[in-house]
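S.K.: Let me give you the structure first, and then I'll get to my questions.
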Amino acid sequence: INTDEKHDATISVISPIFDSNQIFHGVSGLDVKLNGIHTFLKEEALKNGGTIYIVDDEYRLVAYSGEESIINVIEEEGKDPIAEQLLASLSTDALVNKSALHYIDNMNEQVQILKIDGKRHFSLISPMTEPSGLNWQVIAVIPEETLMGGVKDRQNATLFLIVVVLLVGSGIGLFVLSK
Numbered sequence: 004i005n006t007d008e009k010h011d012a013t014i015s016v017i018s019p020i021f022d023s024n025q026i027f028h029g030v031s032g033l034d035v036k037l038n039g040i041h042t043f044l045k046e047e048a049l050k051n052g053g054t055i056y057i058v059d060d061e062y063r064l065v066a067y068s069g070e071e072s073i074i075n076v077i078e079e080e081g082k083d084p085i086a087e088q089l090l091a092s093l094s095t096d097a098l099v100n101k102s103a104l105h106y107i108d109n110m111n112e113q114v115q116i117l118k119i120d121g122k123r124h125f126s127l128i129s130p131m132t133e134p135s136g137l138n139w140q141v142i143a144v145i146p147e148e149t150l151m152g153g154v155k156d157r158q159n160a161t162l163f164l165i166v167v168v169l170l171v172g173s174g175i176g177l178f179v180l181s182k
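Heads up: the sequence shown is residues 4 to 182, going by our numbering.
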């Protein structure tokens with residue numbers, strides 16, 4: 004991942020060009036801004052109320068569904084500014100920060116349950132690799148209430164009805180036995 008003169012994150016792809024006789028003719032290059040990936044992740048995250056982010060093999064943010072910038076610009080007096088990718092573990096987004104720290108400590112774990120701000124969240128990590136060396140991880144963190152929907156409410160209503168039926172049945176049974 005590179006940054007252009009505006010400090011926008013870009014991915015650069017370079018490929019040699021050979022003819023049918025395998026004679027080298029040049030190089031083709033393409034820079035793609037990561038804004039498109041950011042927009043896509045943001046739309047997907049809005050659908051489920053969670054967070055989606057992509058990290059490289061050093062857990063630096065590649066793309067992220069939130070508003071936080073993935074690029075940290077370091078400016079020193081008398082020097083050109085340096086742009087660095089933000090480490091997911093240093094993110095101000097609690098979902099990104101906690102899940103990244105957990106995955107760094109538990110690299111073989113693909114699914115995790117996190118408790119953040121008193122609420123349970125489910126997280127899934129999925130590899131995104133490519134033979135030329137791309138080694139990214141896509142991580143989705145979804146609140147339990149979104150994932151489970153109204154299941155908890157229906158479960159509580161069912162338990163309440165069972166208790167009411169049990170109490171009414173017991174009351175009727177005691178009434179019949181007392182006669």
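Each residue gets a CB set at the ideal place from its N, CA and C atoms; glycine is no exception.
DSSP state of L33, grouped into three classes?
M.R.: The answer is strand: DSSP assigns L33 an E or B state.
S.K.: Taking contact to mean at least 3 C-beta pairs separated by less than 8 Å, is the region 94-102 in contact with the region 62-77?
M.R.: Yes: at least three Cβ pairs fall under 8 Å.
S.K.: Go through its chain and collect everything with a Cβ distance to L90's Cβ below 7 Å, but skip five positions before and after it.
M.R.: Cβ within range, chain order: Y62 and R63.
S.K.: Can you grab the Cα-Cα spacing for the pair V58 / N138, in whole Å?
M.R.: When rounded, the distance between both Cα atoms is 9 Å.
S.K.: Let me know the secondary structure DSSP gives Q110 once reduced to three states.
M.R.: Inspection of the sequence shows that residue 110 is occupied by Met rather than by Gln. In this structure, M110 counts as coil in the three-state DSSP scheme.
S.K.: Compare the C-alpha of M131 against each of P19, H28, D22 and V65 and name the closest.
M.R.: Checked all of P19, H28, D22 and V65; the closest Cα to M131 is V65.
S.K.: I128 and I119 - do their beta-carbons sit closer together than 8 Å?
M.R.: It is not a contact, given that the beta carbons lie outside the stated cut-off.
S.K.: Please report the straight-line C-alpha distance between L169 and K182, rounded to a whole angstrom.
M.R.: Going by the C-alpha atoms only, they are around 20 Å apart.
S.K.: Could you tell me which whole alpha helix (DSSP H) segments of length 4 or greater appear in the region 69-121?
M.R.: Fully enclosed alpha helix (DSSP H) runs of 4 or longer: 97-108.
S.K.: From the DSSP secondary-structure annotation, give me the bridge partner or partners of P19.
M.R.: Answer is V30.
S.K.: Mapping DSSP to helix, strand and coil, what is Q158?
M.R.: It is helical.
S.K.: For E47, which residues of its own chain have a beta-carbon under 8 Å away from its beta-carbon, when the five flanking residues on both sides are left out?
M.R.: So the qualifying residues of the chain are I55 and S68.
S.K.: Whole angstroms are fine: how far does the CA of V167 sit from the CA of L2?
M.R.: The requested residue 2 does not occur in the structure, where the chain is confined to residues 4 to 182.
S.K.: Relative to the C-alpha of S126, which candidate in K82, S135, Q140 and I77 has its C-alpha closest?
M.R.: Closest option to S126, Cα to Cα, is Q140.
S.K.: With which residues is N38 paired in a DSSP beta bridge?
M.R.: DSSP output for N38 lists no bridge partner at all.
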